[in-house]
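Student: Each protein sequence line maps, in turn, to chains A and B. Once you know that position 100 of the first sequence is 170 in the working numbering, the rest is easy, because the numbers rise by one and skip nothing. Once you know that position 163 of the second sequence is 233 in the working numbering, the rest is easy, because the numbers rise by one and skip nothing. Below are the structure tokens for one structure; questions will follow.
There are 2 protein chains.
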Amino acid sequence: MASSIHDLARHLNISIGTVSRALNGRADVNADTRQRVLDAARQLNYAPNQSGRSLRQGATHSIAFMLQPHQGDQQYGEPFFIPFLIGLQAKLAEHGLDLMVVMGEPGKYQQERLRRVVETRLVDAVVLANTRREDDRIDYLGKVGFPFATLGRSQSGDDTYPSLDIDFERAGEEAVDRLVARGHRRIAAIRPSLDLNFGYLFLDGYGKGLQRHGIEVDHELIADGFINEAGGYEVTPRVMLAKDPPTAIIFNNDAMALGGCKALAEMGMRPGQDIAVNVIVDTPLCRYFSPALTAFRPALEPMGRRLAEMLLASLPAFAGPEGPRVIREVWPLELVARDSD
Amino acid sequence: MASSIHDLARHLNISIGTVSRALNGRADVNADTRQRVLDAARQLNYAPNQSGRSLRQGATHSIAFMLQPHQGDQQYGEPFFIPFLIGLQAKLAEHGLDLMVVMGEPGKYQQERLRRVVETRLVDAVVLANTRREDDRIDYLGKVGFPFATLGRSQSGDDTYPSLDIDFERAGEEAVDRLVARGHRRIAAIRPSLDLNFGYLFLDGYGKGLQRHGIEVDHELIADGFINEAGGYEVTPRVMLAKDPPTAIIFNNDAMALGGCKALAEMGMRPGQDIAVNVIVDTPLCRYFSPALTAFRPALEPMGRRLAEMLLASLPAFAGPEGPRVIREVWPLELVARDSD
DNA sequence: CGTTTTTCCGTAAACGTTTACGAGAACACA
DNA sequence: TGTGTTCTCGTAAACGTTTACGGAAAAACG
């Protein structure tokens, strides 16, 4: 069924070497011959077998995107990633690269899966999401020298890989600024309990913001919960029961915010009226929730494109004439003021 | 860097044939030898090069999932697909298959991309999403005999491929039942204007439902719009301006429903009070919208798993002893009654 | 002990490419 | 005409596997 380069060569009474060179745009082939090859290829529906060229070239021309669904994502499903993926894959496609998505089982350790991807040479490089503060995957990839980039920062590794993150720290600070400006002094912070790095960054910004306004950090106002709606629902009452309860809450995750608002509602508190709510990392959910939640929005699709560029710039095969280079960027979030504060 | 089967063989003073057989669990290898090979493989971090085995075996052990982002999805991004993908890839992974995601550019024709995937033998099979009523992709894959399955039905092809869909027809009918039971006789239907097949199925069910209750179809109450929020926003006023306006609306898409509700709000109508709203295909957005929208919910993650099973059952290499078979299923949706009707 | 069967392993071909190398033809130049 | 250069192409090796085949050794059998 599938036609090979031999069929094409035979059909043209030409050697396979010439066919290959013609197809790959090499200079040492007669313009006329090239045209004939191109025409015949189209006519016979020929395209070079990917496995064959991968094997010969030692490159698969594909990239793996690795994310780990959290437990309980089956219904909710991190809408965060889709626009990012759209951007990522669009830019990769411009360079003839395909995208593989490796998810792993929800909640299960991904290291084994990653090892297989690497050792098996399934892809040329990996893009890591859900970066943890200490991330085995980064350590591993660094150790074995496999090319990768990360969406999100980490303390692991030695910064020799490209990474793109959003400025959680600054967003945390800005949220505090905003809430203080609106008269709040008792501001709570709720973040995921996992080792996810952005939880720390957010809290740093939150602390810095408070400090700048001369407000002391009250640990009764900080809580960690599982990074989903149930987590937010469970943990929000905890800060509300502080001796001196908060008048505002910053949620470090949209799902947790939604769960938190449910808990607040059950306590008879309406966001935007009885309590102010901000959430870091806006998603469509924040917008459609009632009241619409004031949130900080990242430019996901451009981020996807950009991280693809950064990854490619770090790969010798794709880097420009100046050679490969490692770029690391932190992008600002845009405040979307809505009705919850 | 990467170790090959030759390294392993040399290290063990053994032939590469034996190593391969040991690794692949073939019977004709001494138990003792096998263990030594396995140990050495682990020790040397060896795993067979994927390109090599793909080339030799004529199978890539990966599947492509092909979806087409609609224009304007950059922020919203079809949350529908993530849980489905989680299920799909989980089941595929159980069989040692990897998942490739091919998106194409938003709004752009995917045929070229598909041809490349097929001719290049990038994957062993394809899963198609966003099936259209007449779908070139299905025609093409059928014609060239490339294995595939679809999420959603189509009129194209001759039903010789596995497909899994949700029962839009029945959901449309049930929505009518529900609304009639609640006293409505003037029920509008809003669906996407594209050739997406589910739009037709939905409308069939809607018509059948009306008929069963002796209500005549009024074409002033049916409208098509672009399948996003803007489309819903634009088209909803149109049905509201009918000579005899509707007291209920069924939306065939969550994004359109949200846009529609915005339009309704601007006309001073509150869903659940001044007008009833149902939406086919629930997403988290429906749940968090205010008022929470009554909607019909599919079991996305199980559907993903199931379609993977169905696809595998149709592939000779994975089918059981009874040989490959084509399964087609239509799954019911679960009504989630909320506050909008 | 001779014969047959079984167990185990090495050899080599094949999968479909790309590419280094070299060679013939055409051309330029003196 | 002789020499050097440029164009163009064919040859063959290599990428890392899997697997059909055959053969040697061991085991089973009478």
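All residues carry an ideal CB built from backbone N, CA and C; glycine is no exception.
Would you list the residues sitting across from residue 219(B) in a DSSP beta bridge?
Tutor: DSSP lists 197(B) as partners of residue 219(B).
Student: Would residue 136(B) and residue 78(B) be called neighbours here (beta carbons separated by less than 8 Å)?
Tutor: No, Cβ-Cβ distance for residue 136(B) and residue 78(B) is not below 8 Å.
Student: Spell out the partners DSSP gives residue 86(B) in its beta bridges.
Tutor: According to DSSP, which records beta bridges pairwise, residue 86(B) is partnered with nothing at all.
Student: Could you give the residue range of the alpha helix (DSSP H) that holds residue 251(B)?
Tutor: Residues 238–251.
Student: Looking only at DSSP bridge pairs, what is residue 364(A) linked to?
Tutor: Per DSSP, 348(A).
Student: Ordered along the chain, which non-local residues of its own chain (more than five positions away) have a Cβ less than 6 Å from that of residue 271(A)?
Tutor: 238 and 239, listed in sequence order.
Student: Determine the direct distance from the alpha carbon of residue 293(B) to that of residue 259(B), and round the result to whole angstroms.
Tutor: Each residue's alpha carbon lies about 7 Å from the other.
Student: I'd like to know if the region 395–410 of chain A and the region 336–351 of chain A are in contact, where contact means that at least 3 CB-CB pairs between them fall below 8 Å.
Tutor: The region 395–410 of chain A is in contact with the region 336–351 of chain A.
Student: Listed in chain order, which residues of the region 146–161 of chain A have Cβ atoms closer than 9 Å to some Cβ of chain B?
Tutor: Result list: 146, 147, 148, 149, 150, 151, 152, 153, 154, 155, 156, 157, 159 and 160.
Student: Reducing DSSP to helix, strand and coil, say where residue 262(B) ends up.
Tutor: DSSP places residue 262(B) in strand when its eight states are reduced to three.
Student: Any contact of the region 369–380 of chain A with the region 148–168 of chain A, i.e. 3+ C-beta pairs under 8 Å?
Tutor: Because the criterion of three Cβ pairs below 8 Å is met, the region 369–380 of chain A and the region 148–168 of chain A touch.
Student: Mapping DSSP to helix, strand and coil, what is residue 149(A)?
Tutor: Coil, per DSSP.
Student: Look at the alpha carbon of residue 396(A) and the alpha carbon of residue 224(A), and state the distance between them as a whole number of angstroms.
Tutor: Their Cα atoms are separated by approximately 15 Å.
Student: In angstroms with no decimal places, state the Cα-to-Cα distance between residue 97(B) and residue 389(B).
Tutor: Computed Cα separation, rounded: 22 Å.
Student: For residue 232(A) versus residue 381(A), is the C-beta distance shorter than 8 Å?
Tutor: Yes. Within cutoff.
Student: Tell me, please, which residues DSSP counts as bridged to residue 136(A).
Tutor: Paired residue(s): 172(A) and 198(A).
Student: Whole angstroms are fine: how far does the CA of residue 310(B) sit from the CA of residue 204(A)?
Tutor: Going by the C-alpha atoms only, they are around 56 Å apart.
Student: Would you please verify whether the beta carbon of residue 190(A) is less than 8 Å from any beta carbon of chain B?
Tutor: Answer yes: the Cβ-Cβ gap between residue 190(A) and chain B drops below 8 Å somewhere.
Student: Give the C-beta separation of residue 350(A) and residue 199(A) to the nearest angstrom, bearing in mind that I take them to be a contact with Cβ-Cβ under 8 Å.
Tutor: With a Cβ gap of about 17 Å, residue 350(A) and residue 199(A) do not count as contacting.
Student: What whole-angstrom Cβ distance do residue 329(B) and residue 303(B) have, given they're in contact under 8 Å?
Tutor: Right, their Cβ atoms sit about 4 Å apart.
Student: Could you check how far apart the C-beta atoms of residue 363(A) and residue 355(B) are, in whole angstroms? I think they sit under 8 Å.
Tutor: Actually they are not in contact, since the Cβ atoms of residue 363(A) and residue 355(B) sit about 13 Å apart, beyond 8 Å.
Student: Only counting the same chain, and skipping five residues up and downstream in sequence, which positions put a Cβ closer than 6 Å to that of residue 124(B)?
Tutor: Excluding sequence neighbours, residue 124(B) sits near 130.
Student: Please say whether residue 235(B) and residue 99(B) have beta carbons closer to each other than 8 Å?
Tutor: No, these two residues do not count as a Cβ contact at 8 Å.
Student: Roughly how many angstroms lie between the CA atoms of residue 80(A) and residue 148(B), to the nearest whole one?
Tutor: If you take the alpha carbons of residue 80(A) and residue 148(B), they lie about 47 Å apart.
Student: In the DSSP assignment, what are the bridge partners of residue 235(A)?
Tutor: Partner(s): 400(A).
Student: Rounded to whole angstroms, what's the CA-CA distance from residue 82(A) to residue 73(A)? Just pull it up for me.
Tutor: Cα-Cα distance, rounded: 14 Å.
Student: According to DSSP, simplified to helix, strand and coil, what is residue 192(B)?
Tutor: In the structure shown, residue 192(B) sits in coil (DSSP, three-state: anything other than H, G, I, E or B).
Student: At a Cβ cut of 8 Å, what residues of the region 332–360 of chain B count as close to chain A, listed as they run along the chain?
Tutor: Cβ contacts with chain A: 354, 355, 358, 359 and 360.
Student: Can the beta-carbon of residue 208(A) be found closer than 8 Å to that of residue 170(A)?
Tutor: No, the Cβ-Cβ distance between residue 208(A) and residue 170(A) is not below 8 Å.
Student: Counting only Cβ pairs nearer than 7 Å, list the residues of chain A close to residue 328(B).
Tutor: In chain order: 358.
Student: Please determine, among 221(B), 201(B), 197(B) and 230(B), the residue with the shortest C-alpha to C-alpha distance to residue 213(B).
Tutor: Here the closest residue by C-alpha is 230(B).
Student: If you draw a straight line from the alpha carbon of residue 210(B) to that of residue 110(A), how long is it in whole angstroms?
Tutor: The straight-line gap from Cα to Cα measures roughly 20 Å.
Student: Is residue 180(B) close to chain A, meaning its C-beta is less than 8 Å from at least one C-beta of that chain?
Tutor: Chain A, which has no Cβ nearer than 8 Å to the Cβ of residue 180(B), makes this no.
Student: What residue from 250(A), 87(A), 241(A) and 195(A) has the CA that sits closest to residue 379(A)'s CA?
Tutor: It is 195(A) whose Cα lies nearest to the Cα of residue 379(A).
Student: Distance check for residue 201(A) and residue 220(A), CA to CA, integer angstroms please.
Tutor: Distance between the alpha carbons of residue 220(A) and residue 201(A): 7 Å.
Student: Assuming residue 267(B) and residue 222(B) make a contact with CB atoms under 8 Å, what is their CB distance in whole Å?
Tutor: Going by Cβ atoms, the distance from residue 267(B) to residue 222(B) rounds to 6 Å, so yes, they are a contact pair.
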